[in-house]
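Asker: Before I ask anything, let me first share the structure, which is written out below as structure tokens.
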Ligand SMILES: Nc1ncnc2c1ncn2[C@@H]1O[C@H](COP(=O)(O)OP(=O)(O)OP(=O)(O)O)[C@@H](O)[C@H]1O
Ligand SMILES: [Mg+2]
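Protein chains in written order, with the UniProt record's numbering: chain D, 1 to 247; chain P, 1 to 270; chain S, 1 to 228.
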């Protein structure tokens, strides 16, 4: 228990809240690098995933590639890139982008894929263009799962950004590695607690967003189904919206 | 008028869904395609709005080959109603009905006003306008589907087993409603079903499809009953048995009509 | 390549160490998750709570967990046991949801007819529900195998020996071949264990014929955990 108190005391120590490498600065760095990576990887993965989900073509390829990426050890990629690109932010950013791609791709294509094909067919029969089908039907209906993918990618990024401090003088991970070097467990623990709180806060934020993006008409069905149907395996992918909300 | 000329559809996997179909769908009448599952009815229907393109032959609307028309524009001008109603689950009833006019660039206020009228037309209460499809019964959803099909006042209305998923009582009600509507609106309706009773009830022309996508007979219900083209048709419409094979018998001096099982169907009015 | 030939012993040794870290974690997390998943499936009220807890666990960054765990376990941060516990927790976070889904997917009809022909509750679990949930459970296990083997390398940055040590050491000494060897060795281990799990699955479930569709579903499940 003393250990935990030491860690908390470290966090609360006013000395750690000002100056170069203070807690607020590290948090800001952590968020900045995470946001940058998220934007870059989303710009790459979401359009591809959307297209794959809409056309159904190239799914095998995407699954294989993202499966391979998943088996790739994060630390290995990070250190290899660092060796090539040197110490600094470049290596972690590239590594983080690579790691964020699979969940984003998966979220986007399974989001679109989860939309009832008959609904899509009806939209086409009514005279919607392919772009309109994507924008007005598939994306809104698949949104909870797409956001689920973004949520996983973000968590992955935040976790790996901690590791990135191994290579670059950046983010909350610095406290961990600094503490490791000076054998200051309080600092390591304090940094870890901050990372955990940050991750949980962001996860909670996404949980709320995920709930909000369920289209109203779909929410109406869901509540009805929950009452009348026996438990069934979810056909949808992604973190269920009913989470923490025992039916 | 819609005309199929030597139309064949072979899917990439080799399935021949429709084989050399020639048929004329007369304007302002109801034509019903009927046949067992997999006989190519849906495929034939979807060639009209280019959801499926034929691999051989032509489909003409008023003399124009649809292959020369731009599919999206063509579809926006043709009403389409499908079995599961195909409503967009994330849009309110009113927005569903107004979808196509809005796609065509109509003003929202105009489209919504017209959508409300259409709800009246199909016999739905206007208070349902702000509900979501999932909050409606199956029969109500189907009516919304019909209203949406009528939204741009199309000359052609395609209906693919529109009443297939509702219970028999609601189905009978919807059938009557469609007859009434057709009496008022006089659209060119192409209707697909595998229920021969429904076909005879609704169709001015009934087209009986056989497995492999061929037409066995196309004629009015009365002609088909009087002159089934072959054994398949006779068997399919049940002309020789059951409640279609009616006989006269005399009971207490009155002439009673009974079916094949001897159950009374009515008296003969003279 | 030269580096590899002159360091084969080291790589072999680290592979064994790596196995000694990840295999216990994989087995433990599977054994612990199955009953939890069954409870989540059987008692609706517990489902939301259990799955939320797993979600929270999954959200915790691994490095931070490694450092914070000793407060609870009393282990040193650098002890292999600490790493095994952390890996087990992540494994649980992943499999519990799959396990609940696996039991959900057993047809209620099958369950009822098993009861009707006289299975006791326990007999039904071992004789009917568990085997039928088997294929889906296996697909969850496969996801955990890949993620655990890869995650185990993280321990290297705080001083737990594993194939990850090749990364930290390679970076410090600037040996590219060492890092690449580490990456390849890790992936080989993951793929090898994955094959082994499928082979064991075939042995335990001789009636199970993974169809093309099912293989696709396994891939889907991988994606699902990802999007989850
Ligand atoms: N996209 C497709 N690819 C391959 N084969 C298809 C496709 N669509 C339909 N078919 C096949 O073509 C045949 C005719 O299909 P169609 O849907 O037109 O039948 P249907 O008469 O409407 O049947 P139902 O009453 O079941 O709706 C069937 O054998 C079907 O399997
Ligand atoms: Mg059909």
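C-beta: ideal position from N, C-alpha, C; glycine also.
Output the distance between the C-alpha atoms of residue 91(P) and residue 132(P), rounded to the nearest integer angstrom.
Answerer: Here residue 91(P) corresponds to residue number 91 of the second chain, with the count starting at 1. Here residue 132(P) corresponds to residue number 132 of the second chain, with the count starting at 1. Approximately 6 Å, taken between the alpha carbons.
Asker: Is the region 129-146 of chain D in contact with the region 103-112 of chain D, if contact means three or more CB pairs nearer than 8 Å?
Answerer: The region 129-146 of chain D is in contact with the region 103-112 of chain D.
Asker: Listed in chain order, which residues are found with a beta carbon closer than 6 Å to a heavy atom of ligand 1?
Answerer: Having a Cβ closer than 6 Å to some heavy atom of ligand 1 are 11(P), 13(P), 15(P), 17(P), 35(P), 37(P), 38(P), 39(P), 40(P), 41(P), 42(P), 43(P) and 194(P).
Asker: So within the region 14-87 of chain P, which uninterrupted beta strand (DSSP E) runs reach at least 3 residues, ignoring any that extend past its ends?
Answerer: Here the runs fully enclosed are 16-25, 30-34, 56-61 and 78-82.
Asker: Say the cut is 7 Å; is the CB of residue 198(P) nearer than that to a heavy atom of ligand 2?
Answerer: Taking the first residue of the second chain as position 1, residue 198(P) is located at position 198. Incorrect: residue 198(P) has no Cβ contact closer than 7 Å to ligand 2.
Asker: How many angstroms separate the CA atom of residue 127(D) from the CA atom of residue 73(P)?
Answerer: Within the first chain, the letter at position 127 stands for residue 127(D). Within the second chain, the letter at position 73 stands for residue 73(P). Straight-line Cα distance between these residues: approximately 7 Å.
Asker: Using the beta-carbon of each residue, which ones in chain C are nearer than 9 Å to residue 157(S)?
Answerer: Checking the listed chains, one finds no chain C in this structure; the protein chains it contains are D, P and S.
Asker: Between which two residues does the alpha helix (DSSP H) carrying residue 102(D) extend?
Answerer: For the purposes of this step, residue 102(D) is taken as the residue at position 102 of the first chain. Counting along the chain, the alpha helix (DSSP H) containing residue 102(D) begins and ends at 90-113.
Asker: Quick one, which residues of the region 25-54 of chain P are near chain D if we go by CB-CB under 9 Å, in chain order?
Answerer: Within the region 25-54 of chain P, the qualifying residues are 46, 49 and 51.
Asker: Any chance the CB of residue 192(P) is under 7 Å from a heavy atom of ligand 2?
Answerer: Locating residue 192(P) in the second chain gives position 192, where the first residue counts as 1. Answer for residue 192(P): yes, Cβ within range of ligand 2.
Asker: What's the call for residue 207(P), buried or exposed, on a 16-neighbour Cβ count within 10 Å?
Answerer: Numbered from its first residue, the second chain carries residue 207(P) at position 207. It counts as buried.
Asker: Start and end of the beta strand (DSSP E) containing residue 157(P)?
Answerer: Here residue 157(P) refers to the residue found at position 157 when the second chain is read from its first residue. First-last of the beta strand (DSSP E) with residue 157(P): 156-160.
Asker: Determine the chain D residues that contact residue 143(P) at a beta-carbon separation under 9 Å, and present them in chain order.
Answerer: Here residue 143(P) refers to the residue found at position 143 when the second chain is read from its first residue. The premise fails here: residue 143(P) is roughly 15 Å from chain D at the closest Cβ pair, so nothing lies under 9 Å.
Asker: For residue 116(D), verify whether its CB is less than 7 Å away from any heavy atom of ligand 2.
Answerer: Against the first chain, residue 116(D) aligns to sequence position 116. No; taking the cut-off as 7 Å, the Cβ of residue 116(D) has no heavy atom of ligand 2 nearer than that.
Asker: What residue range does the beta strand (DSSP E) around residue 232(P) cover?
Answerer: In the second chain, residue 232(P) corresponds to position 232, counting from 1. Segment 231-237 is the alpha helix (DSSP H) holding residue 232(P); no beta strand (DSSP E) there.
Asker: Out of curiosity, what's the CA-to-CA distance linking residue 75(S) and residue 81(S)?
Answerer: As a working note, residue 75(S) is residue 75 in the third chain. As a working note, residue 81(S) is residue 81 in the third chain. Each residue's alpha carbon lies about 7 Å from the other.
Asker: With a threshold of 7 Å, establish whether the CB of residue 160(P) neighbours any heavy atom of ligand 4.
Answerer: This structure lacks ligand 4; its bound ligands are ligand 1 and ligand 2.
Asker: What's the C-alpha gap between residue 194(D) and residue 179(S)?
Answerer: Position 194 of the first chain holds residue 194(D). Position 179 of the third chain holds residue 179(S). About 30 Å.
Asker: Does residue 153(P) come out as helix, strand or coil in the three-state DSSP assignment?
Answerer: Looking up residue 153(P) in the second chain gives position 153. The answer is coil: DSSP assigns residue 153(P) none of H, G, I, E or B.
Asker: Let me confirm a value: residue 9(P) is counted as buried when at least 16 other C-beta atoms fall within 10 Å, else exposed. Which label applies?
Answerer: If you number the second chain from 1, residue 9(P) lands on position 9. Residue 9(P) should be labelled buried.
Asker: Among the candidates 85(S), 20(S) and 131(S), whose CA atom is the shortest distance from the CA of residue 207(S)?
Answerer: Locating residue 207(S) in the third chain gives position 207, where the first residue counts as 1. Checked all of 85(S), 20(S) and 131(S); the closest Cα to residue 207(S) is 131(S).
Asker: Report yes or no: do three or more beta-carbon pairs, one from the region 20-39 of chain S and one from the region 105-113 of chain S, lie closer than 8 Å?
Answerer: Judged by Cβ distances under 8 Å, the region 20-39 of chain S makes no contact with the region 105-113 of chain S, as fewer than three pairs qualify.
Asker: Compare the C-alpha of residue 271(P) against each of 166(P), 195(P) and 80(P) and name the closest.
Answerer: A query on residue 271(P) cannot be resolved here, the shown segment of chain P reaching from 1 to 270 and no further.
Asker: Could you list which residues in chain P have their beta carbon closer than 9 Å to that of residue 119(D), in chain order?
Answerer: Taking the first chain and counting its residues from 1, the one referred to as residue 119(D) is at position 119. Residues of chain P passing the Cβ test: 84, 86, 87, 88 and 89.
Asker: I'd like to check one pair, residue 47(P) with residue 24(P): are the Cβ atoms closer than 8 Å?
Answerer: As a working note, residue 24(P) is residue 24 in the second chain. As a working note, residue 47(P) is residue 47 in the second chain. No.
Asker: Can you pull the chain S neighbours of residue 79(D), defined as C-beta to C-beta under 8 Å?
Answerer: Within the first chain, numbered from 1, the residue matching residue 79(D) stands at position 79. Those are 167, 168, 170, 171 and 179, listed as they occur along chain S.
Asker: Among 177(S), 200(S), 189(S) and 187(S), which residue has its Cα nearest to the Cα of residue 2(S)?
Answerer: The residue you call residue 2(S) lines up with position 2 of the third chain. Measuring from the Cα of residue 2(S), the nearest candidate turns out to be 177(S).
Asker: Straight-line CA distance for residue 82(D) to residue 182(S)?
Answerer: For the purposes of this step, residue 82(D) is identified with residue 82 of the first chain, where counting begins at 1. For the purposes of this step, residue 182(S) is identified with residue 182 of the third chain, where counting begins at 1. Residue 82(D) and residue 182(S): Cα-Cα distance of roughly 15 Å.
Asker: Answer yes or no: does any C-beta atom of chain D fall closer than 8 Å to that of residue 249(P)?
Answerer: Position 249 of the second chain holds residue 249(P). It does not: the Cβ of residue 249(P) has no partner Cβ on chain D nearer than 8 Å.
Asker: For residue 167(D), which residues from the same chain have a beta carbon less than 7 Å from its beta carbon, with the 5 sequence-adjacent residues on both sides left out?
Answerer: The residue you call residue 167(D) lines up with position 167 of the first chain. The answer, listed in chain order, is 78, 82, 87, 91 and 92.
Asker: From what residue to what residue does the alpha helix (DSSP H) around residue 248(D) run?
Answerer: The shown model of chain D, from 1 to 247, leaves out residue 248(D), and the question about it has no answer.
Asker: Output yes if chain D places a C-beta closer than 8 Å to the C-beta of residue 103(P); else output no.
Answerer: As a first step, residue 103(P) must be located in the second chain, where it is residue number 103. Answer yes: the Cβ-Cβ gap between residue 103(P) and chain D drops below 8 Å somewhere.
Asker: Which of the three DSSP states is assigned to residue 4(P) in this structure?
Answerer: Along the second chain, read from residue 1 onward, the residue named residue 4(P) stands at position 4. Residue 4(P): strand per DSSP, three-state reduction.
Asker: Helix, strand or coil: which one does DSSP assign to residue 249(P)?
Answerer: Numbered from its first residue, the second chain carries residue 249(P) at position 249. Of the three classes helix, strand and coil, the one that applies to residue 249(P) here is strand, per DSSP.
Asker: Unbroken beta strand (DSSP E) runs of length 3 or more, entirely within the region 133-215 of chain P: which are they?
Answerer: Runs of the beta strand (DSSP E) inside the region 133-215 of chain P: 156-160, 188-193 and 205-210.
Asker: Just verifying my parser: in three-state terms, what is the DSSP assignment at residue 167(D)?
Answerer: Here residue 167(D) is taken as the residue at index 167 of the first chain, counted from 1. Residue 167(D) falls in the coil class under three-state DSSP.
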